[in-house]
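First up is the structure itself, then whatever we jot down about it.
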Amino acid sequence: MAANKKLLILPGDGIGPEVMREVRRVIDWMDRRRMVTFDVSEDYVGGASIDARGAPITDNCMQAAKDADAILFGSVGGPKWDGIGFDKRPEVAILRLRKELDLFANLRPAIVFDPLVDASTLKADVIRGLDIMIVRESTGGIYFGEPRGVETMANGEKRGFDTETYTTSEIERVARVGFELARKRGNKLCSVEKANVMQSGLFWRQTVTALQKAEYPDVELSHMYADNCAMQLVRNPRQFDVIVTSNIFGDLLSDLASMLTGSLGMLPSATLGAVQPSGKRHALYEPIHGSAPDIAGKGVANPLAQILSFAMLLRYSFEMNEDADLIEKACVNVLGSGLRTADIMGPGTARVGTGVMGESILRELEKLSA
Ligand code: IPM
Ligand code: MG
Numbered sequence: 007m008a009a010n011k012k013l014l015i016l017p018g019d020g021i022g023p024e025v026m027r028e029v030r031r032v033i034d035w036m037d038r039r040r041m042v043t044f045d046v047s048e049d050y051v052g053g054a055s056i057d058a059r060g061a062p063i064t065d066n067c068m069q070a071a072k073d074a075d076a077i078l079f080g081s082v083g084g085p086k087w088d089g090i091g092f093d094k095r096p097e098v099a100i101l102r103l104r105k106e107l108d109l110f111a112n113l114r115p116a117i118v119f120d121p122l123v124d125a126s127t128l129k130a131d132v133i134r135g136l137d138i139m140i141v142r143e144s145t146g147g148i149y150f151g152e153p154r155g156v157e158t159m160a161n162g163e164k165r166g167f168d169t170e171t172y173t174t175s176e177i178e179r180v181a182r183v184g185f186e187l188a189r190k191r192g193n194k195l196c197s198v199e200k201a202n203v204m205q206s207g208l209f210w211r212q213t214v215t216a217l218q219k220a221e222y223p224d225v226e227l228s229h230m231y232a233d234n235c236a237m238q239l240v241r242n243p244r245q246f247d248v249i250v251t252s253n254i255f256g257d258l259l260s261d262l263a264s265m266l267t268g269s270l271g272m273l274p275s276a277t278l279g280a281v282q283p284s285g286k287r288h289a290l291y292e293p294i295h296g297s298a299p300d301i302a303g304k305g306v307a308n309p310l311a312q313i314l315s316f317a318m319l320l321r322y323s324f325e326m327n328e329d330a331d332l333i334e335k336a337c338v339n340v341l342g343s344g345l346r347t348a349d350i351m352g353p354g355t356a357r358v359g360t361g362v363m364g365e366s367i368l369r370e371l372e373k374l375s376a
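Right, here's the structure in full:
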């Protein structure tokens, strides 16, 4: 089956390029073995784009992102660009992509793969079989709310401020994604905010409650304060199925949840826009981990989160479930065989670098599809 699937690859900074290299090998393998043709283009983003083109993301690149069927993103940022102006920093690239493509639903799964149950800092009994999905709102809240800035007050003292804002439609559309996902999973949605402290939090709770009554009475809905949710995620993470929350709380809780699984280096994510009348839906896929400048260029980074992000891309953007399953299975099997990158080492396992891990995935793909 030949297809013309437009894929934009943005490796970015730090370990981004080296883990993306392993994805390119998987794509090449699919070209050869699964007879799928991707129309792949690649561009600079983040610090790499600042160095090459003078901005964290160019208008050309933004246009390419809008034209693409799916975007595979690496990671951005690093100490090299720390001193740069606030509006020019590498992170602006991902924020601009989310905002201008209206990618409002950031899906961050936290899954414990069986071979890795001992890699977590939590007891195996607490996390075995864990499979939760955090739906993080990603185009609103305090990340983008106005007013924001730093001002000098009448008494001469300075004041920095940001604003948390959420409209009814912003809350409803991301909550709908949560409810729909819950229906396909354990049918439980937990909505997370600080309704005890924040007006916008109370409004969030009321809006989600009304939506459930009107459209999703069949889904079990609960509410939790964000601080309690952080505690519950560590105490008993398996109580959750799907969590829906704001941009900032989702940022925190998804980092926390990812560590339950052993390593930040394992987890993919998808950020989805609305389905347009044409049927097209903007979508960006990226690992949860950052650019990890401390280990960049050493060939030791774990490429699995980036590879699994590609599997998510196949599943959500191209409905290529069989191929996504195959890649996920290959990852689990390679872990099962005892190969580990440094971040997920455990007793009795063998340490390999980025390239050997990628190669082992290819070999496993070969075997599984023979
Ligand atoms: C994430 C990151 C980003 C965020 C940064 C890089 C802007 O932490 O995707 O979680 O805060 O959203
Ligand atoms: Mg984050």
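Numbering (this note's numbering), first residue to last: 7 to 376. Ideal Cβ positions, reconstructed from N, Cα and C, are used throughout, including at glycine.
Alpha-carbon spacing of residue i relative to residue j, whole angstroms
i	j	result
residue 336	residue 91	43 Å
residue 277	residue 44	20 Å
residue 314	residue 78	11 Å
residue 71	residue 160	44 Å
residue 373	residue 353	27 Å
residue 120	residue 135	7 Å
residue 258	residue 60	30 Å
residue 244	residue 280	29 Å
residue 25	residue 154	35 Å
residue 54	residue 215	44 Å
residue 345	residue 360	11 Å
residue 199	residue 10	42 Å
residue 357	residue 122	14 Å
residue 7	residue 320	At residue 7 the pLDDT is 44, less than 50, meaning the model places this residue with poor confidence and gives no usable figure here.
residue 115	residue 351	22 Å
residue 370	residue 376	10 Å
residue 332	residue 156	50 Å
residue 291	residue 103	11 Å
residue 6	residue 56	With the chain represented from 7 up to 376, any question about residue 6 goes unanswered, as that position is not in the structure.
residue 322	residue 58	32 Å
residue 49	residue 16	5 Å
The ligand IPM heavy atom lying under 7 Å from the CB of residue i
i	result
residue 97	yes
residue 83	yes
residue 257	yes
residue 101	yes
Heavy atom of the ligand MG within 7 Å of residue i beta-carbon
i	result
residue 261	yes
residue 19	no
In chain order, each alpha helix (DSSP H) run of at least 4 residues that lies wholly inside the region 106–150 | 130–133
Flag this pair as touching only if the region 127–134 and the region 256–273 have three or more C-beta atom pairs under 8 Å; answer yes or no.
-> yes
At a cut of 8 Å, does the region 181–199 reach the region 226–239 through at least three beta carbon pairs?
-> yes
Within the region 231–298, note down every full alpha helix (DSSP H) run reaching 4 residues or more, in order along the chain.
-> 232–241 and 253–266
So does the region 135–150 actually touch the region 247–254, counting three or more Cβ pairs closer than 8 Å?
-> yes
Report yes or no: do the region 203–215 and the region 234–242 share at least 3 C-beta pairs separated by less than 8 Å?
-> no
Contact between the region 299–314 and the region 21–38 (3+ Cβ pairs under 8 Å) = yes
Could you name each continuous alpha helix (DSSP H) segment of 4 residues or more that falls completely within the region 313–345, going from the start of the chain to the end?
-> 327–342
The region 92–104 in contact with the region 62–76 per 3-pair CB rule at 8 Å = yes
What are the complete alpha helix (DSSP H) segments, minimum 4 residues, inside the region 190–219?
-> none
If you scan the region 46–112 from start to end, which runs of the beta strand (DSSP E) of 3 or more residues do you find wholly inside it?
-> 76–81
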